[in-house]
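There are 2 protein chains.
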Amino acid sequence: MTNKLNLNNLTKSEEDYLKALFQLLIEDNSAKVGNNQLADYLKVSPASTNNMIKKLKAKEYVVSEKYGKLDLTEEGKSIAVRLIRKHRLWETFLCNYLNFTWDEVHDVAEQLEHIKSHKLIDELDRFMDFPKKDPHGELIPNADGEYSILPKITLSSLEEGDVCKLVAVNDGSVNFLKYVSEIGLALSSEIQVLEVREFDKSIRIQFNNVIETVTKKFADNVFVKKIV
Amino acid sequence: MTNKLNLNNLTKSEEDYLKALFQLLIEDNSAKVGNNQLADYLKVSPASTNNMIKKLKAKEYVVSEKYGKLDLTEEGKSIAVRLIRKHRLWETFLCNYLNFTWDEVHDVAEQLEHIKSHKLIDELDRFMDFPKKDPHGELIPNADGEYSILPKITLSSLEEGDVCKLVAVNDGSVNFLKYVSEIGLALSSEIQVLEVREFDKSIRIQFNNVIETVTKKFADNVFVKKIV
DNA sequence: TAAAAAAGTTAGCCATGACTAACAAATTAA
DNA sequence: TTAATTTGTTAGTCATGGCTAACTTTTTTA
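Here's what the structure looks like:
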């Protein structure tokens, strides 16, 4: 690891781009990520993305050839992981200490993750006794920047008769998160797949003595671990 | 109070200017505040200040006549007070829960005060059980925006034989705050003025069985309540 | 009260990070 | 394998919030 005295002189925008690229590359396991894809993800124009990528290449956080796909350097990844660590620790704090629900935390954590102070985040971690998972079930990188992904598959990938445990939810949409809570699902819920309807891939599931039918779109955002 | 559905669409810079103007007007009780004085305080050029003041006048947070002194509208004051509330609550949190010392909190709180979320700050207040004072002894405005100033005078204004209690310190300088702690002074310390030296206005003080000589500059930044 | 100093203003420049419109390269489909 | 489509790039514009240099107004002081 090069780690050339990390001055963390990055702007909020630069941080947003690095984190987004990391999430597309690593978390959504897209083998290759292009300029327009990143622009789409960040809801900015391709021209803006192109411009910012140029700057991040000059700073050696991003690598790519002209007209080629984007990749992060080790330093770029390291910055993204630290942002994800901050985001998830703040989400955990908001839920566990400040009465936030899991659909309320994202926007505020999105602001808090840009606060610059190593002591702040490490003390927050200690204060909460080093939590392993955030409110959506995702693993929190530790202070050494070790990043790992929870073993998980989408609920939509299961077949009739399968039994699973809800281990995480996609935190990209407030409406989705509200919906999940409202029907009574939560982390660790045990879910049985009763039926997968061929026509539209909707799924009948049972959990806590409740039977619900959910769409494939819904099931795509629910992450589970198969038990049976 | 006009309070025209406060959308809080202010940029970080706009917030910084409003807070600075409030601190010069109210806290430093300068009867009149001018453009250059504000520029000095914020360490920007008079041209920058002039430019921003124009914008804040258009938004009706600031009033002033051409070539005249600056003043805040009720709405402008209200925004400033809410920033001070956030700043002081965060400082209290950092000191009381995250092991920060009082000389470490200012820079981080300066970032945290710009986080936009009413729920965040009101829940933080509740979590700490509605603290009345920040780590430097200053009063924390409540959720209704009620702002009051602690009755206090500077240590430098006392005379030989006076006895006082330390009620607050100026939090503008990290070096000063470190110095205060190092010699053993803290909030509520009882201080006796043994001697005021005419030559340079330096003061010999006694507290906790310690005798120290401090400069007038130091004593100007120590706020006390006279006991005897 | 007139000159000097201080305070306030304006014009014009720069960097950041958005944008659109136009264009070039790469990929996909006919 | 050529044409259409998608993807990436460039040029030029805009708003924000800094800056300096030059200028005007107000205040101070000799």
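Going down the list, the protein sequences come from chains A and B. According to our numbering, the first sequence is numbered sequentially starting from 1. According to our numbering, the second sequence is numbered sequentially starting from 1. We treat Cβ as the ideally placed atom computed from N, Cα and C, and that holds for glycine. The structure displayed is predicted, hence computed values, not measured ones.
Proximal residues to residue i (C-beta, below 7 Å), its chain only, five neighbours per side dropped
i                     : result
residue 93 (chain B)  : 124 and 128
residue 33 (chain B)  : 21, 24, 25, 69 and 70
residue 105 (chain B) : 91, 94, 95 and 135
residue 204 (chain B) : 194, 195, 211 and 213
residue 133 (chain B) : 139 and 140
residue 77 (chain A)  : 22
residue 143 (chain A) : 122 and 125
residue 31 (chain A)  : none
residue 9 (chain A)   : none
Nonlocal neighbours in the same chain, by C-beta distance under 6 Å from residue i, ignoring five residues either side
i                     : result
residue 117 (chain A) : none
residue 42 (chain B)  : 20
residue 174 (chain A) : 103
residue 17 (chain A)  : 52
residue 112 (chain B) : 90
residue 199 (chain A) : none
residue 202 (chain B) : 213 and 215
residue 147 (chain B) : 81 and 141
residue 177 (chain A) : 102 and 103
residue 181 (chain B) : none
residue 54 (chain B)  : none
Short Cβ contact (8 Å threshold) for residue i with residue j
i                     : j                     : result
residue 155 (chain B) : residue 137 (chain B) : no
residue 84 (chain A)  : residue 141 (chain A) : yes
residue 208 (chain A) : residue 184 (chain A) : yes
residue 228 (chain A) : residue 169 (chain A) : no
residue 165 (chain B) : residue 224 (chain B) : yes
residue 211 (chain B) : residue 187 (chain B) : no
residue 46 (chain B)  : residue 35 (chain B)  : yes
residue 172 (chain B) : residue 82 (chain B)  : no
residue 218 (chain A) : residue 119 (chain B) : no
residue 48 (chain B)  : residue 58 (chain B)  : no
Same chain, Cβ closer than 8 Å to residue i, five either side skipped, listed in chain order
i                     : result
residue 263 (chain A) : Limits of chain A in this structure are 1 at one end and 228 at the other, which puts residue 263 (chain A) out of reach.
residue 72 (chain A)  : 18, 21, 22, 25, 61, 62, 63 and 80
residue 226 (chain B) : 153, 158, 162, 163 and 164
residue 189 (chain B) : 165, 166, 207 and 208
residue 12 (chain B)  : 114
residue 160 (chain A) : 193, 194, 195 and 196
Rounded Cβ spacing between residue i and residue j (contact assumed at less than 8 Å)
i                    : j                     : result
residue 79 (chain B) : residue 108 (chain A) : 19 Å between Cβ atoms; not a contact.
residue 56 (chain A) : residue 15 (chain A)  : With a Cβ gap of about 10 Å, residue 56 (chain A) and residue 15 (chain A) do not count as contacting.
Residue i beta carbon near the ligand NAD (any heavy atom closer than 7 Å)
i                    : result
residue 76 (chain B) : Because no ligand of any kind appears in the structure shown, any question about the ligand NAD cannot be addressed here.
Going residue by residue through the segment 92 to 178 of chain A, where are the continuous beta strand (DSSP E) segments of at least 3 residues, counting only ones entirely within it?
For the segment 92 to 178 of chain A, the continuous beta strand (DSSP E) assignments of 3+ residues that do not extend past its boundaries occur at 163 to 169, in sequence order.
In chain order, each beta strand (DSSP E) run of at least 3 residues that lies wholly inside the segment 177 to 221 of chain A
Qualifying beta strand (DSSP E) stretches, in chain order: 190 to 196, 203 to 207 and 210 to 214.
Whole runs of the alpha helix (DSSP H) within the segment 35 to 83 of chain A, excluding any shorter than 4 residues:
Correct list: 35 to 42 and 46 to 58.
Just by C-beta distance, which residues in the segment 7 to 21 of chain A are closer than 7 Å to chain B?
Going along the segment 7 to 21 of chain A in chain order, one finds no residue with a Cβ nearer than 7 Å to chain B.
Contact list for the segment 91 to 105 of chain B against chain A, Cβ threshold 8 Å
Cβ contacts with chain A come from 94, 97, 98, 99, 100 and 104.
Going along the chain, which residues of the segment 159 to 190 of chain B sit with their C-beta nearer than 8 Å to a C-beta in chain A?
Those residues of the segment 159 to 190 of chain B placed with their C-beta closer than 8 Å to a C-beta in chain A do not exist.
Closer than 9 Å between beta carbons: that is the criterion. Which residues of the segment 109 to 121 of chain B meet it against chain A?
Result list: 111, 112, 114, 115, 116, 117, 119 and 120.
At a CB distance below 7 Å, what residues from the segment 120 to 153 of chain A approach chain B? Give them in sequence order.
If the cut-off is 7 Å between Cβ atoms, the segment 120 to 153 of chain A has 120, 123, 124 and 127 near chain B.
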